[in-house]
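Q:
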Amino acid sequence: MKAEILSIRFVHEGWSRFGLAQVRLADGAVVEREIEDHGNSVGILPYDPERKVATLVRELRVPPLFTAGEQVQLEAPAGLIDDGTPEENARREALEEVGLRLHGLEFVGAAYSCASLTTEKIHLYLAPYGRADRAEVGGGAAGEHENIRVVEMPLAELAALADRAEITDLKTLTLVLALRARHPELFRA
Numbered sequence: 003m004k005a006e007i008l009s010i011r012f013v014h015e016g017w018s019r020f021g022l023a024q025v026r027l028a029d030g031a032v033v034e035r036e037i038e039d040h041g042n043s044v045g046i047l048p049y050d051p052e053r054k055v056a057t058l059v060r061e062l063r064v065p066p067l068f069t070a071g072e073q074v075q076l077e078a079p080a081g082l083i084d085d086g087t088p089e090e091n092a093r094r095e096a097l098e099e100v101g102l103r104l105h106g107l108e109f110v111g112a113a114y115s116c117a118s119l120t121t122e123k124i125h126l127y128l129a130p131y132g133r134a135d136r137a138e139v140g141g142g143a144a145g146e147h148e149n150i151r152v153v154e155m156p157l158a159e160l161a162a163l164a165d166r167a168e169i170t171d172l173k174t175l176t177l178v179l180a181l182r183a184r185h186p187e188l189f190r191a
């Protein structure tokens, strides 16, 4: 027997939808599971290979504020996929959040951000840029109250944060490790 969803009841529909699913497991047991659904997303790590820096954001995330009192989190730029391809949305998010006009995108992978709870699959990219690609100030889309602070930091410092387990955002950690694995020369002194 295969597992199957018997019913879903959404208890909230806003930016995200929160639902309760009744599921018949492969062994025949019927259980209730929670689902958070807000669509798929993109995450991008823009890096300047000449200057050996990356551009990230610091912004408030309410769940870390709730659980750990963290005021801001260091993250790779990211956002929901609206219309268009993941690549088009990655370029839009990078422009909105950090003011960079990205050209080449190196696909890292697409994975569920937390498969036990959310339907979100995040498409991850590395993106080289240069000084000439700075097109805007960044800071987030008008009216979304993101209060984003743009942070450009040396790749060596970013790697040290990863080594000390101080990057608490999973997409960002994944992208930093992918950049180190694919382009180790960028992290040499």
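Residue 117 in this note's numbering sits at position 115 of the sequence shown; the count goes up by one each step and never skips.
Cβ atoms here follow ideal geometry from the backbone N, Cα and C, with glycine treated the same way.
Looking at P66 and V100, is the spacing between their C-beta atoms short of 8 angstroms?
A: Remark: C-beta atoms of V100 and P66 do not approach each other more closely than 8 angstroms.
Q: Would you report the Cα separation of A129 and R136, rounded to the nearest angstrom?
A: Their Cα atoms are separated by approximately 13 angstroms.
Q: From E98, I7 and E122, pick the residue whose C-alpha is nearest to that of G30; which is it?
A: I7
Q: Taking the beta carbon of P48 as the centre, do at least 16 other beta carbons fall within 10 Å, making it buried, or is it exposed?
A: buried
Q: Tell me which residue opens and which closes the alpha helix (DSSP H) that R182 is part of.
A: L172 to R184
Q: Nearest to V32 by CA position, among G41, H40, L22 and A162, is which residue?
A: The shortest C-alpha separation from V32 is found at L22.
Q: Going by alpha carbons, who is nearest to T174 out of V110, S18 and I10?
A: V110
Q: Judging by CA-CA distance, which residue of N91, E154 and W17 is the nearest neighbour of Y127?
A: N91
Q: Thinking C-beta only, is E61 closer than 8 angstroms to E74?
A: Before going further, note that residue 74 is Val rather than Glu in the sequence given. For V74 and E61, yes; Cβs fall inside 8 angstroms.
Q: From what residue to what residue does the beta strand (DSSP E) around E36 run?
A: That run of the beta strand (DSSP E) goes V32 to D39.
Q: Is the separation between the beta-carbon of F20 and that of E38 shorter than 8 angstroms?
A: yes
Q: Under a three-way DSSP split, which group does D165 fall into?
A: DSSP places D165 in helix when its eight states are reduced to three.
Q: Do you know offhand how far M3's Cα is from R26's?
A: 9 angstroms
Q: If we ignore side chains and look at the alpha-carbon of each, how far apart do T176 and S9 end up?
A: 34 angstroms
Q: Classify A28 as helix, strand or coil using the three-state DSSP reduction.
A: Reduced to three states, the DSSP call for A28 is coil.
Q: According to the neighbour-count rule (16 or more other Cβ atoms, all chains shown, within 10 Å of its Cβ), is P88 buried or exposed?
A: buried
Q: If contacts are defined as beta-carbon pairs under 8 angstroms, then L157 and V55 qualify, I think. What distance do you get, rounded to the angstrom?
A: 6 angstroms
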